[in-house]
Structure formats: C-alpha cells, structure tokens
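What follows is a single structure, written as structure tokens, with notes after it.
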Amino acid sequence: MNHLGFERKPVKIGSFDFTCCEGCQLQLANRESSLPDFLALIDVRNFREISSERHDDYDIALIEGSITRSDEIERLKAIRRQAKVLVAFGTCACFGGVNSQKNRLPEKEAEQVVYDGRPVETMPSTRIADIVRVDFSIPGCPVSKDEVERIVVSLVNRSMPNLPKYPVCVECKQRLNTCLFDLGEICLGPITRAGCDAVCPSGKTACLGCRGPAEEINFPAFMELVREHGLSPVDLTEKLGFYNAFEHIHRTDET
Amino acid sequence: MIYKVISKPEFRKFIDTLVKANTAFGPRQVDTDHHGEPVYQFMPVGSADDIAFDYTKTHSSAKHFFLPFREEISHFTFRDGDWEQQIRYEARPVVLIGLRPCDIRAVNILDDVMLHGPYPSPYYLARRKNTFIIGMDHLPLPDCFCKSMNRHTVSYGFNLFCSDIGDKFYLSINSSKAFGFLKEFETGDPTPEDDCLLIERRKLIKQSFRTDVEVTGLPCFLDIEFESPIWEKWGQRCLNCGTCAMVCPTCYCYSVEEHFDTDLKGSSRRNRLYSCNLVDFAEVAGGHNFRPKNSDRLKYRYYHHYRGFAANDNQQICVGCNRCGRACLTGINPKDVINDLRLERESCMTCVSPSRNRT
Amino acid sequence: MHDVRFTIPEQDLNREPFTTKIPDFQKKSEVMITDRGYKCRITNIVRLSAQERLFQLRIVDPLERDVFSFRPGQFLMLEVPGYGEAPISISSSTSNREFIELCIRKAGHVTSALFEAASGAMVSIRGPFGTTFPMEQMQDRNILLIAGGLGIAPLRAPLYWINDHRDRFGKVWFLYGARDPGQLFFDYQFEEWKTVSHIELHTIVEHPDANWTGRTGLITSLFDEISFDPKETWAIVCGPPVMFKFVCSHLDRIGIPMNRMFVSLERRMHCGMGKCCRCMVGATFTCLDGPVFDYWSVMNLKEAI
Amino acid sequence: MKLDCSIDIHHLTRVEGHGNIRIRVEKGKLMEACWAVVETPRFFEAMLKGMSAERVPFLTSRICGICSTSHALASIRALERAMQVTPPPAAEGVRMLAMHGETLQSHALHLFFLAAPDFADTPSVLPLLESHPDLVKAGLALKELGNEISTVTAGRCTHPVSLVVGGLAKTPGKDRLQRLLEMIGERKAALEMACDFFASLDIPRFERETEFISLHNGATYPFIGGDLVSTDGVHQDENSYLRMTNEYLTDFSTSKFTRCSRESSAAGALARFNNNSEFLHPEAKKTAERLGLRPVCHNPFTNNIAQLVECVHILHDAEALVAKLLATDMKEARVPVHKKAGSATGAVEAPRGILYHHMETDREGRIVKADCIIPTTQNNANIHYDLGALARQALKEGKNDREIEKLATMLVRSYDPCISCSVH
Ligand SMILES: Cc1cc2nc3c(=O)[nH]c(=O)nc-3n(C[C@H](O)[C@H](O)[C@H](O)COP(=O)(O)OP(=O)(O)OC[C@H]3O[C@@H](n4cnc5c(N)ncnc54)[C@H](O)[C@@H]3O)c2cc1C
Ligand code: SF4
Ligand code: SF4
Ligand code: SF4
C-alpha cells in the first residue's frame, strides 16, 4: 500500500534485441548502486542477454536495435502482439541508428566489401516504428540509465513518463562547458533532444544527435549557422546522417 | 562602508588566505577558443595562483551559486501509506571572487525577486547569506553595455569591492566579516592621492564604453511594440536553445520536477533552472501552448528583461553584461534587437498612416 | 595553510527559521510557509464524469486545519507526493472549516496520479494563493454567475458564499452551459440552489442527448432569458478563454462596467509564488495578481487570452 | 557408452548476440557439432568507407556495446599509425586506464552475471541476489569500479566520448582521479572474495590442444599495440595481422571463421595469460597460483579463471597508473592531426581477445578501406571444434543430453563471446 492507496506491482518486462550492439541493454545493468532497487521494480520475463528463463507473458517489451532482415520483422510483430506497451529502446530502434549508414550504399557494394560478394540476407536498416506501433521511445546511443530508471519507476507508479522537449544546449550550459562552436567545431546540440546531460559536449566532442530532434527545432536557422561556420556539405551529411535521426527533417528542408 | 587601500602583493596574500580557509570560486581559464582567446569561468580555486585576476569575462555568470541549475527543494519519505516531508535550506559558506559590478547588480536584482516579494525564498536566502562576495572593477570590453543599463557601478550587495588604482587596490568594505579579516593584513587609509586615483579610474571606466544601447522609455515601447514584426524577424533566427538564459546573470525562471527514488521509498522535488525561450515553457496540460512561435518566446525574454516585472518593481533586469549576446550562436544580442526595435518605432512615429503588419 | 580564523562561519538558517510564524492568509504576509504543505487525507471521491471528479480533502493536523482559511476565487497548489504539484481552484464553501473540495479534470501528470488514488490517500496542499472575487464589494447588488464546463470549479466558492449570505445580495442568476448534459456537474445541487437559495438557474448544452429537454446552444443565447439592470449587476464569469471573451464582450455591450466583471485565468504554474514565471501573462503573474482579474485588467494584459 | 544425442539450442542465452548450438550424434558417431552465428550483419567496414577519420572511433565503438572502448582505441591506433600521429604520453596513460576500466567491467559482467549462474545452476543472476548476495554485491562493486574508470577517462562507460585521434578531447579531472584511487583501494576486498568463490568451484575438466594468439610486447602485460604471437611459436608484427587470422566464410554462420597454424585458434584472457603470464602483477601471479592456473593451459573453461586473474592485475595496475597520472601535467594531451594518406593496423586486447582494425586513409583523412577482425570471430572456429571434442568426451563419459547441453552452453559462454560484434 502506498500513500495513494494502490498496489504497486513490478512491471513484467521482456527485453529483445534486433540489429544492434546491445549497448542499450547493457545499460540496464549499469548504475550499480541502485541496481538491486531497479531489479525489484521489474519482473524479467524474457531477456536473453542475462537470463536463460524465457516466458511470453511480459507486458512491456523493450525493443533494442533496428530491423535489417525479414525474419526480424516477424519476430517483432509477434512481440507487438504480446506486449501491452512496446518501447523503442535506444537510437537504433527509434531512428535506425548507425546501422542506417549502410542504407546510403548500394546493397551489393556492402556485401562486396564485407562478404567478398557472397549474398547475405539483409535489407535497409529500418526503425521499428515503421513496422509496428511504438508506444514510447527512449532515444540515446546508448540510452541513459538514469532516464530508463525514471521511466520504469513511472510505469510502476502508473504515471506518465516523458522526455525533455528542449535541446542539449540547456544541459550543456548547465555544466558550464565551453561551447564547441567556440572551439571551432560544429555541434548538433542546438537541435538535439536533451536528456543525456550533454555527455558528448562535456567530453569536448560534438554532439552527433543520437537522441534525435528536440521538439519544434529551428532547422533552417541551424543550417544557416553551420553554413556560416563553414561546414562542408559532405561533413554535414555525415553528421546529420550519423544516427539517421534527422533524416526526416533534413529531407523536408531540402525540398 | 569603510574605505581602505591595500598593496597588490598584500591583497594577493589576503585572497590566498581566504581561499585556503574556505570553499572558494573565482575566474579561471578553462579553455582557449579557436580564435586563441582564453575562455574563463567561475570555477573552484584552491589558492590565489589559480585565480585569473586579469580575466576579461566569464562565459557563464555567477548566478548558479545562488540559484543552482538543479536543486532539491524537498524530499518525501513514504511509509505505511503515509509520508513525511523534509525540507532543508542548507548552504555551505562560499567565497566568490572577481565579480564585476554588473554581476553584483545582477545579484541585487535577484535579491529583489527572491527575497523582497510576499513569499521570500528560503533556499535563496540561505545561499545568499552564506556567500562572501569580493567584487573587482575592470575596463569594459567593447561589447559591454552596462553603462546604458546604468549598472556599471555598484554600491551594495558585496562584502568587499576592489578598484584597481595602479599599485594598489582601493577597497570598499561593506561587511564586518570582510573588515575583520582585513585587520590581519596591512591596509592603509586612502590618501587624497588615492582618492584622486579612484576618481580617475572611475572616469576612465565610464569613458571606455564602446557600446551604447538606448533604453530610455523602453518599457513603454515594449508594451506598445508587442505585435511588432521585428520579433518575427529575430524569432526566425532563434534556435530556442536556452543558452542565453543559462548564461544570463538575472534569468531566473524555473521549473519544478518531482521524481520517485528508485527504491520507491521516497521522492524528491527539484527546482530546475528553465528558460522562457524553451519550447514548452508556456505549454499547459492538453498541449496548448500560450507561446507557440519562436518569436513569441524570444520576445518574451526581451519583454521580461527590458520591461521588468512586478517582482522587482517593474525595473529592467538586464544588467548589460552581453553574456547572452556572446553566447548566442545565431548572433542575437540585446544591442541589435533593441536598436532594431527602436528604429522601427521611430520610423513609424513619423509615418502618417499606421504601418502595415499592425492591427 | 588552512587558517581557521578566516573560515567564514555558516549562517545557520535551519536553527533560526523564519518560516514558523503561522501564516495570515487574509493578506499576503511578509513571511509564510512557502515550501511545506499541509498534509491532507482524501476523505471522499465523487465521480462527476469520466474525466472529472470531486475530491474532498481534510487537513490532518487539527491546528493546521484551524488555521487554514481562504476566500472565494483562491487556489491552492495540490501536491501528490512523488508526482508533482498542480494549481487547483478551491471549490468548496469558505465557511466549511472541515473539508476542502476540489473539482478536478484528469489532464496530465499530477491529475492522472490523483485519479489513481483511493479514498484515504495522503496528499498535500500549499496555499491558498491568489486574488479573490470581491464578495464584500458585491453586496447589495445583483449577481450574474456564468460558468462554462469545468468553469464551475472556481465558481462554487462564490456560489456557496452567496448561499451563506443570501440576504446581502439582490437577485442572483446562474447561467451554466456545457458541451453535453453529462458535463453539467453538480446537478444534484440544482434544486437546492433554486428553491433554498433562490438562485435563478438556467442551463444549456451544446450537444443534447436523448433525455435532454432543456435548451440547446451556446451559453450566450441564455441572455435572452434574463433581464437585469447592468448598472446594478456584477458578474463572475468562469470557463474556457473563448467563452469568457464572448460573454464579457456581450456584457460590456449591454452596459456592465468592465471592472465589475470578474474572470479567473489559468496558466501553467510551478510555484504559485511569483518566482518561476511560468504563469506570466505579459508582465502579470497569474498566481500573485490573479487568478481573479476584472475584465478591464484582462483587456490590458499583453498576450492574447 | 551413449549412442545418440541431439542438441539444438536456438539463440543461446546469457551471451551478447544471437548464436545457435547444434550437436547431433547418431549410433555413436558425431554427425554434427556446430556453432552457428545467426546475428544480422551490419556492414561496418562498408559504412566506414569515405568517413572522415575523426568520426571513425565514434562509429566503430558502436560495433559493440560491451567493448566499445577497445573498438574506439583500435581505430584510433590504426589511424594514428596510418597518419603518423604520435599521441602525447599523458593520453597514452589515460587510454590504458580506459582499457582497464572496460576490461574490468566486461570481466565482472561475464563472471558474475553470465557465467556464475552456470556454476550455481540458476537461470540468471537474479536468484543469486537472494542466495549469494555478497557475491553479487562484490561483482557489482567491481563492475561499478570498471564503469567509473571508463567514465572518468573516456566521458562515459559505453561508447566513449573523449577518446579521439590525436589524444584526448578532454583530460580527466584530478579530483575525480583522486576519488578513483580511493575507490580502487576500497574494492580490493570485493575481488578477494570473488577469488574465494571461484576457487571453490569445480571447473569442468576438458582439454583440446589449441593455438593461443595474443599481443606481446616483452615488457608488460599487453593491452594496446605490440607484436602478435601464438603459443605455436608464430611471431608477427602488428601490421601483418592477416597472417594470424586468415578469415574464411562458412555456410552456417554470418560471422567469419579464422585460423592460423591449425584448424582453429583462440584469443582472450586465457590466450593473453598463456602468452604473457610472466608480466602479470605479482598479486595476479599469486592469484593464478592459488587458482591453479598455469601456462599453457588448454582447458577453455579456465578462461573464466584467467579473467579473474586479469581483474587482479588490472586493479593493481590501474592503481599505479592513476597515481602516475595524478603526478602528470595533463594539459598537453592532444596533438593536432595532419591528415594524410596511409595505412596501418591497430591491435588492442579487447576483453575477449585480440582486436584488429586496419585502416587505409586518403589525403583528406577519409577512409579508403577498413577491415575489422573481432576476437569472437577468431574464437568461432575454436568454439566450433571444441564443441565436437566436448561432445565426444561427454559421450565417452556417458553423460546424458541435458548434461551435454549444459556443458556445451557453459563452454560457449566461457569464451564470453560477443556475437553481434563478431558480425559487424
Ligand atoms: C489558478 C488555477 C486554477 C485551476 N483550477 C483547476 C480546477 O479547479 N480543476 C482542474 O481540473 N484544473 C484546474 N486548473 C488547471 C490545472 O492546474 C491543470 O489541469 C493541471 O495543472 C494539470 O496538471 P497535470 O500535472 O495533471 O498536467 P501536466 O501537463 O502533466 O502538467 C505539467 C505542469 O503544467 C502545469 N499545467 C498544466 N496545465 C495547466 C493549466 N491548464 N493551467 C495551469 N497549469 C497547468 C501543471 O502545474 C504541471 O506542473 C487550474 C489552473 C490554474 C492556474
Ligand atoms: S557545445 Fe553544443 S550543446 Fe553545448 S552549447 Fe554549444 S552548441 Fe549547444
Ligand atoms: S550529446 Fe548528442 S550525441 Fe551525445 S549523447 Fe547527447 S544527444 Fe547523443
Ligand atoms: S546582457 Fe544578456 S545575459 Fe547580460 S543581463 Fe542582459 S539579458 Fe542577461
């Protein structure tokens, strides 16, 4: 019984990975000091990476990775049928992630480079929202455990999780960083959703936008800004395309 | 106020002693930018040697020593279907060295807002009372416009203020603590020559301003210009990234967030510095946004700064440090925006017919 | 070389608290509890509709309960520990010292949490905050109460006030409009208001259902049912901004002076104390200078309503 | 003797990535023993083509969520060698520390979360929280330390942010290093108790003669760069990595296989130990002795023990490194990078074994050709052949299907395979 008078139950979670580096799942085991508390909030029903037990009665499915093969589509759809809440977990799941960089290459070329031309089954890296309905997205490459913890706590407490709507600059300035533009670099912080506590600029490397666009970003003004700072179109494409998170905005801006 | 003079080496000794006996912050070089210019911030200092006494400007203001970017304002502990609320206004004593007159004026403005209204903030008070401020004057940088805002001098709100008069500092001592500490060091009463030097110094500072922003009557203009197309123009450039508000010494808007502890045994309520420039500042439940456009939000920040609100007697709260202007990536700065506004205004005043774009 | 003589002693604020004085809510006191709330128990929950409920709160500590008083139109910050705070108008009678009633729509984070709560849950309130409807000044006048939808929430306090002091007021009309009949809350009190308090009640809905026999349309169309002397009538209008804009400009046209019409504004609020600036409308704090404004002041506010 | 057995494990659990085990014995004859990686390929080498050098480490670190630092550092090393950049010594120290952080974190994760449940016969670490709380706490304490070292040195524990070509984008603050030093001191007891636990375990007895390949520099226990050696006596310089790998494709696995002098070879903690045990910290040597680990050991199950021994080494070495860094002026930790054409290999010892990145740049510092060979790729063939040998031995010992299945999964797990990383 809590102070609001309802029973809190651990959320039944399944964690599934598709094409990715599994770095996001790994974050679930981070923040060791609060890990036992965190584990008490969840009832792990299916999580191949850490447990041999597999049950199919999870309510919440964390989906990590993007989709790059037809068998993954089927697996994902089956998970969607079971899950009450399906969460896109990490940048690959939310936007396609670094895997999407291969989308710009002709398929045969990729196979040539990596598999000496032997045919391998693959398809363009696709974010999961293009295949199934996504109830909630937790972006980040990798996701921030802090945020994940907060969201899981919200679910247990039956309240609504949310993400910051403002860009990374806010958190960056709060950490008293020197702006990377002042250091002669181009940073995607002004258009990227905050929530990572500006780790990259705090480590003095430019944000590459792994958390995707902040709400209502001023993309034209940002493009103007990077043009003034003399970023070549190739570099810009490389930056904006790094996680595939600005693809949509980038394209609409061009047309 | 008591006035003294102190030789520069002796002053350094004084600062060194103070810094070593307390948690202290002062200007420190943290980086060199791509033009080769040093970047300074108020950072922890361990001895006088850590302090860049000849610093030009810090990129961020000292505001966060009084209004931290994040702070817990209360904590709930849950037990047996009930809860308990704990509140603490604790603040450790802190020495702040090297604040400029405008920075101290900014703190005075925050005092007005946080302490002089109907609901004084105990959190702010705790920090304010536990901060020992040592101010230092400087020659204005080309883009400083605190004189336009009449915030280039300061007469209260600090413990000690130092004016550079050549070999010595001319000290304005405004607290018994500062006076007590200084007793242990070699200081002298100012001679008439020292006074002269001080007046010279003041004159020099006053004459050195290169940037002038005409703000007379601005509050009224801002009311009248609420619908001006100028805002649209500048709004189109604004990234709404909140940088200006974060570095500004007087932006104090905040939000309150509440989070459960992971063990669910408690929750903490936190203040978090926010900005009216951020997209969801005026959003309400259900998604309606009272300031939906970039221009609405940009305008609003200017409106607050140059019109002033009841919380501080409708005084302008900008002190003219131009931190926001320097930090803004797209080059939005008070001087250009205000001049633009006034230009537009003036041309309309001479117009016979009302300008277009206006209803 | 740590020389203790130069260590700045801590200003111990915890031991010389400046917030223990019992707050005087009648005027904005110099010192008041700004961050600690009154602990309340939810003693009853009435379902008004799928999205709206009436919560009855009782301050746990008898001393605090004694101290707590408010005026019609004021709001409080309702804290659901762990979830956050939301500004909510007090919807009960000022003379009811036992309970506070809040009429709440499920709108977001905090309010949704509250809807999960069971009777007996423990919450907290801060306040009351804000300006009030000038009930004393309205004495001996005719009163026109107009509510649209959930606008009845802030209107109930003045309504109770009038009931409590019915002999001090002239004629009282209450025009109440809603989207559909299910949104006309407190219909169980209609009879009492009409017969006991002699309030002339007129209701109207936009989208009638099969059982609805009353009028259909917008609230402004109720004006043709009543006639009053605009010079002797004061008005309180609560509802969504679009509604009170229409209503007030109508009242303005028929001659009620702008400073005798009162509305209650809503904005986002995080502190309730004029610090966070979330509730600013132009240069005006909704929490300190409002939420109750006369229509003249509203007209003078920068930023559209 | 047992005559038939059929094991088909679809998506082995408690490993990183997707791999299947198939063992089939009919009438006493081993028909199939197969380690099939079915992870989806991501084509990193293809994506790297045309990318500018400064962005490369950020991409390659995403090959693997567990050993991201190794990948970043392998790329950085390859690029620095290709473009003839000499990183400042302060940067080298911090990088080494970052490696230590990652190795510690990864070993702790493997030992306590993935492997320990096998020995305790539980499906996951979760029941151990109840039954062996102190052990789990010790594991968490070590993992936390590893993560903290990574965070201090590289800005974040997964996908480092401040390790860049030319040095460090940002140097760790002295106060945080100081705190690290304290943390390392505090965590020694945790490691001690982990050693006690593993000393009490029955490691399955199984041997198959194997060629172990690792870095070797003749002076220290190697983590970043050096020569390539094998227990079969092969010795090559870093750039000749292809001689050690000889990658080839099989038709049942999306990850490639490699070989050197024999049908297969192994990399990893055990390989490092077998080739370099003399350079371990004295404390680590003592631990090895106590746990009965002696070079050259051919039992793959002891890889777990070798990992533990490495943890001891790392803890002590990190302590010394931090102390050294505290005494170093770290202002100069980055040198400018003049882009030029070149090609070179960067080899580092990732937690799971030797990792090669080979990079070829053009005049603008863009990648012309990239080749990444991952430790698990190098272990795949060895796992594959080990499975066959293990099945044969188990059959001889008359083990039933369940027992064989358990042994087989334990075997694969003891390699601590990083599957999605091997299919990159
Ligand atoms: C003076 C005043 C009186 C009010 N009286 C009532 C009432 O009697 N009954 C009722 O149901 N609602 C009332 N509201 C509106 C109510 O405050 C919001 O619906 C509520 O804050 C939503 O909070 P939430 O956390 O559930 O939503 P969220 O959107 O999750 O809230 C986020 C934050 O925004 C603020 N916020 C969101 N919407 C509004 C809004 N419309 N107005 C002000 N702040 C908002 C909240 O304070 C909260 O901190 C009143 C608002 C004000 C300003
Ligand atoms: S470094 Fe990037 S995130 Fe930080 S302020 Fe500058 S642009 Fe914004
Ligand atoms: S700073 Fe940018 S790239 Fe780095 S974690 Fe944050 S959003 Fe991702
Ligand atoms: S110049 Fe800008 S940063 Fe400085 S006080 Fe004025 S508004 Fe704030």
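Top line first, the protein sequences correspond to chains A, B, C and D. With the first letter of the first sequence counted as 1, position 75 gets the number 75 in the working numbering; the numbers rise by one all the way through. With the first letter of the second sequence counted as 1, position 305 gets the number 1305 in the working numbering; the numbers rise by one all the way through. With the first letter of the third sequence counted as 1, position 102 gets the number 2102 in the working numbering; the numbers rise by one all the way through. With the first letter of the fourth sequence counted as 1, position 294 gets the number 3294 in the working numbering; the numbers rise by one all the way through. Even glycine gets a Cβ: it sits at the ideal position worked out from N, Cα and C. Given the structure is predicted, the values throughout are model-derived calculations rather than measurements.
Have a look at residue i and residue j and give me their C-alpha separation to the nearest angstrom.
i, j, result
"residue 1123 of chain B", "residue 1237 of chain B", "36 Å"
"residue 55 of chain A", "residue 79 of chain A", "12 Å"
"residue 3015 of chain D", "residue 3287 of chain D", "26 Å"
"residue 1006 of chain B", "residue 1048 of chain B", "16 Å"
"residue 3040 of chain D", "residue 232 of chain A", "33 Å"
"residue 1148 of chain B", "residue 3335 of chain D", "44 Å"
"residue 1973 of chain C", "residue 1288 of chain B", "Outside the modelled stretch of chain C, which goes from 2001 to 2305, sits residue 1973 of chain C, for which no answer is possible."
"residue 3166 of chain D", "residue 3097 of chain D", "17 Å"
"residue 3011 of chain D", "residue 3019 of chain D", "5 Å"
"residue 2095 of chain C", "residue 2126 of chain C", "19 Å"
"residue 3090 of chain D", "residue 3178 of chain D", "16 Å"
"residue 3017 of chain D", "residue 87 of chain A", "20 Å"
"residue 2124 of chain C", "residue 154 of chain A", "20 Å"
"residue 171 of chain A", "residue 3128 of chain D", "39 Å"
"residue 1253 of chain B", "residue 174 of chain A", "14 Å"
"residue 3385 of chain D", "residue 3131 of chain D", "35 Å"
Any beta-carbon of chain A closer than 7 Å to the one on residue i?
i, result
"residue 2109 of chain C", "yes"
What residue does the beta strand (DSSP E) around residue i start on, and which one ends it?
i, result
"residue 62 of chain A", "60 to 64"
"residue 2122 of chain C", "2122 to 2129"
"residue 1082 of chain B", "1082 to 1086"
Of all the CB atoms in chain C, is at least one closer than 7 Å to the CB of residue i?
i, result
"residue 1258 of chain B", "yes"
"residue 229 of chain A", "no"
"residue 4 of chain A", "yes"
Is there a Cβ of chain B sitting closer than 7 Å to that of residue i, yes or no?
i, result
"residue 2286 of chain C", "no"
"residue 2024 of chain C", "Note that residue 2024 of chain C scores a pLDDT of 37, beneath 50, so its modelled location is shaky; the value from the coordinates is reported in the next line. It does not: the Cβ of residue 2024 of chain C has no partner Cβ on chain B nearer than 7 Å."
"residue 7 of chain A", "no"
What first and last residue would you give for the alpha helix (DSSP H) that runs through residue i?
i, result
"residue 2162 of chain C", "2152 to 2164"
"residue 3373 of chain D", "Unbroken run through residue 3373 of chain D is the beta strand (DSSP E), 3367 to 3373; no alpha helix (DSSP H)."
"residue 1324 of chain B", "1323 to 1327"
"residue 224 of chain A", "219 to 228"
"residue 115 of chain A", "107 to 115"
"residue 1124 of chain B", "1122 to 1129"
"residue 2040 of chain C", "Element bounds for residue 2040 of chain C: not the alpha helix (DSSP H) but the beta strand (DSSP E), 2038 to 2047."
Whole-angstrom Cβ separation of residue i and residue j, contact assumed at under 8 Å?
i, j, result
"residue 261 of chain A", "residue 65 of chain A", "Residue coverage of chain A in this structure runs from 1 to 255, which leaves residue 261 of chain A outside it and unanswerable."
"residue 1010 of chain B", "residue 1186 of chain B", "5 Å"
"residue 24 of chain A", "residue 134 of chain A", "With 8 Å as the limit, residue 24 of chain A and residue 134 of chain A do not qualify as a contact, their Cβ atoms being about 15 Å apart."
Looking at chain D, is there any beta carbon in it that lies within less than 7 Å of the beta carbon of residue i?
i, result
"residue 200 of chain A", "yes"
"residue 205 of chain A", "yes"
"residue 110 of chain A", "yes"
When Cβ atoms are compared, which residues of the segment 1077 to 1108 of chain B fall closer than 7 Å to chain A?
-> Hits within the stretch, in order: 1078, 1081, 1082, 1083.
Taking a cut of 8 Å between CB atoms, which residues from the segment 3161 to 3176 of chain D lie near chain A?
-> 3161, 3162, 3164, 3169, 3170
Mind listing which residues of the segment 47 to 75 of chain A have their C-beta closer than 7 Å to chain C's C-betas, in chain order?
-> Correct list: empty, as no residue qualifies.
Going along the chain, which residues of the segment 19 to 33 of chain A sit with their C-beta nearer than 8 Å to a C-beta in chain D?
-> 19, 20, 21, 22, 23, 24, 25, 26, 27, 29, 30, 32, 33
Identify each residue in the segment 1227 to 1254 of chain B for which the Cβ-Cβ distance to at least one residue of chain A is less than 8 Å, and report them in chain order.
-> Along the segment 1227 to 1254 of chain B, the positions whose C-beta sits under 8 Å from a C-beta of chain A are 1236, 1237, 1238, 1239, 1240, 1241, 1242, 1243, 1246, 1247, read in chain order.
Which residues, taken in chain order from the segment 149 to 171 of chain A, show a beta carbon closer than 7 Å to some beta carbon of chain C?
-> Within the segment 149 to 171 of chain A, the residues whose Cβ lies closer than 7 Å to some Cβ of chain C are 157, 158, 159, 160, listed in chain order.
Quick one, which residues of the segment 2074 to 2085 of chain C are near chain A if we go by CB-CB under 8 Å, in chain order?
-> So the list reads 2080, 2081, 2082, 2083, given in the order they occur along the chain.
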